[in-house]
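> The sequence shown runs 1401 to 1760 under my numbering.
Structure in structure tokens, see below.
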Amino acid sequence: MKNECMGLINLDSIQNPSVNVLSDHRPVATIPIAGRYRLIDFTLSNMVNSGITNVGIYAREKYRSLTDHLGSGKDWDLSRKQGGLYVLSPENTKNNNNYGYRKGDIYTILANIDYIEKSPEEYIIVAPSYMICSIDYNDLLKYHKKSNNDITIVYKRVDNANKDFKNCNTLNIDKDRRIKNIGNNLNTFPSANICMDTFIMKRTDFIQCIYSIASMGTYSYIEDYIINQLDNIQVGAYKYEGYLKCITSLKSYYEASKELLTEEVSKELFRANRKIFTKDKSQAPTMYGENAEVRGSFIATGCQIDGTVVRNSVIMQSCKIGDNVVLENVILDKNVTISSNKELKGDKDYPMVIEKNETV
């Protein structure tokens, strides 16, 4: 796929989920997960593992933590002379000055359309940052070429749509794998074709679409354009078979954290031949006191856990937990301090969250 397909990670899509206070000061893309990763690491690693060496990340706001995490892209082998990793914001660009009052990913992308225009690749893959999965985009590219679709959208057939994937898009697909219409999952029926908000098309066609939509002023989001053009363009569906979790709420984030602890899911996502790359923080390991007891939890580096019981919780970087503390169904954001003799318990489905830098 090298030099044949570029990647675009869209942080300003119509879904644009919010994960409680965890996304108040950072984009969902950089929410820590599984002790050492950020959500965007999964999408970015999927692209790198598929041989994509030119990746643009379109971020509209709150992207300081994004640039801090990604740096030059060297941890993903994307610090290079040809291609590489680009974080693009609409601020202070020519097209944003013309359309700055407009909201939506159409105008976020338009503000930096020159990056896509100058890229040499024939195809472009657009993907979100909030889908946790391990997908080989080479297979998607092969299917797209063979199908002669104008656009090919990735989906997963699930049997738990009544319990998960709330408000995710669903696809109605005919026998020829053509998408007839796109709906919304309301957790009503168990079986559904969940749209992964990932699609592939020719780069030149993508550029033309952006300009056409902007000139008409009829749509703000690419998704709306595709939905309304299903009768006019050939939009096909590519079926993904692996593990999928869509992080669109605190509940789904907490569920994903517990699922990543299972052997089945961890083996699929963290395979030796398809690694999940992340920033090398080189931080000191967590210190556990003699009486510390931790079960079913993710503990990041740089923490200090004294005589504490931690169950079914997520403890992010550099947290300090004193003696005689019980934490159950709790999420501690970074740099939280829990003083001694405290007991914090959340619901098994809706955990208690302590914001970044707080002291309890």
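Heads up, the beta-carbon is just placed ideally off N, CA and C, and yes, glycines get one too.
None of the values given here were measured: they were computed from a predicted structure.
Residue 1509 to residue 1624, Cα distance in whole Å?
Translated into positions along the sequence shown, residue 1509 becomes position 109. Translated into positions along the sequence shown, residue 1624 becomes position 224. Residue 1509 and residue 1624: Cα-Cα distance of roughly 15 Å.
> Mind listing, in chain order, the continuous alpha helix (DSSP H) runs of no fewer than 4 residues lying wholly within the region 1420–1482?
The qualifying runs are 1440–1449 and 1464–1470.
> So if DSSP puts residue 1744 in a beta bridge, which residue, or which two residues, is it bridged to?
Walking along the sequence shown from the start, residue 1744 turns up at place 344. Per DSSP, 1727.
> Note down the Cα distance separating residue 1557 from residue 1527, rounded to an integer number of angstroms.
Residue numbering aside, residue 1557 sits at position 157 when the sequence shown is read from its first letter. Residue numbering aside, residue 1527 sits at position 127 when the sequence shown is read from its first letter. In this structure, the alpha-carbon of residue 1557 lies about 18 Å from that of residue 1527.
> State the Cα-Cα distance for the pair residue 1552 and residue 1607, rounded to the nearest angstrom.
Here residue 1552 is taken as the residue at index 152 of the sequence shown, counted from 1. Here residue 1607 is taken as the residue at index 207 of the sequence shown, counted from 1. Spanning the two alpha carbons is a distance of roughly 16 Å.
> Going by beta-carbon coordinates alone, are residue 1411 and residue 1733 separated by less than 8 Å?
By 1-based counting over the sequence shown, the position of residue 1411 is 11. By 1-based counting over the sequence shown, the position of residue 1733 is 333. In this structure, residue 1733 does not lie closer than 8 Å to residue 1411 by Cβ.
> Whose C-beta lies closer than 6 Å to the C-beta of residue 1457 among residues of the same chain, with five residues either side of it excluded?
On the sequence shown, residue 1457 is found 57 positions in, with the first residue counted as 1. Excluding the 5 residues flanking it on each side, residue 1457 has same chain C-beta neighbours closer than 6 Å at 1409 and 1487, in chain order.
> How would you label residue 1616, buried or exposed, when you count the other beta carbons within 10 angstroms and need 16 or more for buried?
Here residue 1616 corresponds to residue number 216 of the sequence shown, with the count starting at 1. It counts as exposed.
> Write down every uninterrupted run of the beta strand (DSSP E) in the region 1537–1621 whose length is 3 residues or greater and which is fully enclosed by it, in chain order.
1551–1558, 1569–1573, 1579–1584 and 1592–1602
> On the premise that residue 1722 lies in contact with residue 1706, defined as a C-beta separation below 8 Å, what is that separation, rounded to the nearest angstrom?
Numbered from 1 along the sequence shown, position 306 holds the residue referred to as residue 1706. Numbered from 1 along the sequence shown, position 322 holds the residue referred to as residue 1722. 6 Å between Cβ atoms; contact.
> For residue 1513, does the three-state DSSP call read helix, strand or coil?
The residue given as residue 1513 occupies position 113 in the sequence shown. Residue 1513 falls in the helix class under three-state DSSP.
> Could you tell me the alpha carbon to alpha carbon distance between residue 1717 and residue 1660, rounded to whole angstroms?
Residue mapping note: residue 1717 aligns to position 317 of the sequence shown, counting from 1. Residue mapping note: residue 1660 aligns to position 260 of the sequence shown, counting from 1. One C-alpha to the other measures close to 18 Å.
> Does the region 1525–1543 come within contact of the region 1595–1602, defined as at least 3 CB pairs closer than 8 Å?
yes
> If the criterion is Cβ atoms closer than 8 Å, does the pair residue 1535 and residue 1640 meet it?
Residue 1535 sits at position 135 when you count from the first residue of the sequence shown. Residue 1640 sits at position 240 when you count from the first residue of the sequence shown. Yes, the pair counts as a contact, with Cβ atoms nearer than the cut-off.
> So residue 1452 and residue 1406 are supposed to be a Cβ contact under 8 Å. How far apart are they, rounded?
Walking along the sequence shown from the start, residue 1452 turns up at place 52. Walking along the sequence shown from the start, residue 1406 turns up at place 6. That pair is a contact at about 7 Å.
> Measuring CB atoms only, is the region 1571–1584 touching the region 1650–1667, in the sense that at least three cross pairs come out at less than 8 Å?
no
> Which whole-angstrom value describes the C-beta separation of residue 1633 and residue 1505, a residue pair presumed to lie in contact below a C-beta threshold of 8 Å?
On the sequence shown, residue 1633 is found 233 positions in, with the first residue counted as 1. On the sequence shown, residue 1505 is found 105 positions in, with the first residue counted as 1. Residue 1633 to residue 1505, Cβ: 18 Å. No contact.
> Return the first residue and the last residue of the beta strand (DSSP E) that residue 1486 is part of.
In the sequence shown, counting from the first residue as 1, residue 1486 sits at position 86. Its beta strand (DSSP E) spans residues 1484–1488.
> State the DSSP-derived secondary structure class of residue 1627, mapped to helix, strand or coil.
Reading the sequence shown from its first residue, position 227 is the one you call residue 1627. Residue 1627 falls in the helix class under three-state DSSP.
> Name the one or two DSSP bridge partners that residue 1406 has.
Taking the sequence shown and counting its residues from 1, the one referred to as residue 1406 is at position 6. Partner(s): 1524.
> Using beta-carbon positions only, say whether residue 1714 and residue 1693 come within less than 8 Å of one another.
Translated into positions along the sequence shown, residue 1714 becomes position 314. Translated into positions along the sequence shown, residue 1693 becomes position 293. No; because the gap between Cβ atoms is not below 8 Å, this pair is not in contact.
> From residue 1500 to residue 1427, what does the alpha carbon distance come to, in whole angstroms?
Your numbering for residue 1500 matches position 100 in the sequence shown. Your numbering for residue 1427 matches position 27 in the sequence shown. Note on residue 1500: pLDDT 47, under 50, position unreliable in the model; no value is reported.
> Give me the Cα-Cα distance between residue 1497 and residue 1446, rounded to the nearest whole angstrom.
Residue numbering aside, residue 1497 sits at position 97 when the sequence shown is read from its first letter. Residue numbering aside, residue 1446 sits at position 46 when the sequence shown is read from its first letter. For residue 1497, the predicted structure reports a pLDDT of 49, less than 50, and the residue's modelled location is therefore unreliable. A value from the coordinates is still provided. Cα to Cα, residue 1497 sits roughly 34 Å from residue 1446.
> At the level of alpha carbons, what is the spacing between residue 1588 and residue 1568?
Counting from 1 along the sequence shown, the entry for residue 1588 is found at position 188. Counting from 1 along the sequence shown, the entry for residue 1568 is found at position 168. Cα to Cα, the separation comes out at about 12 Å.
> How far does the alpha helix (DSSP H) with residue 1753 in it extend, from its first residue to its last?
Along the sequence shown, one-based indexing puts residue 1753 at 353. Careful: residue 1753 lies outside any alpha helix (DSSP H), inside the beta strand (DSSP E) at 1752–1754.
> How would you label residue 1542, buried or exposed, when you count the other beta carbons within 10 angstroms and need 16 or more for buried?
In the sequence shown, counting from the first residue as 1, residue 1542 sits at position 142. Around the CB of residue 1542, fewer than 16 other CB atoms lie within 10 Å, so the residue is classed as exposed.
> According to DSSP, what are the bridge partners of residue 1531?
Taking the first residue of the sequence shown as position 1, residue 1531 is located at position 131. Paired residue(s): 1646.
> Taking Cβ to Cβ, would you say residue 1477 is nearer than 8 Å to residue 1448?
Here residue 1477 refers to the residue found at position 77 of the sequence shown. Here residue 1448 refers to the residue found at position 48 of the sequence shown. Cβ atoms of residue 1477 and residue 1448: closer than 8 Å.
> Since I believe residue 1653 is in contact with residue 1419 (beta carbons under 8 Å), could you give me their beta-carbon distance rounded to a whole number of angstroms?
On the sequence shown, position 19 is the one that residue 1419 refers to. On the sequence shown, position 253 is the one that residue 1653 refers to. At roughly 5 Å, the Cβ-Cβ gap stays under 8 Å, so residue 1419 and residue 1653 are in contact.
> So, residue 1724 versus residue 1741, is the Cβ gap smaller than 8 Å?
Walking along the sequence shown from the start, residue 1724 turns up at place 324. Walking along the sequence shown from the start, residue 1741 turns up at place 341. Yes, Cβ-Cβ distance for residue 1724 and residue 1741 is below 8 Å.
> Please state the DSSP three-state secondary structure of residue 1506.
Walking along the sequence shown from the start, residue 1506 turns up at place 106. Three-state result, residue 1506: helix.
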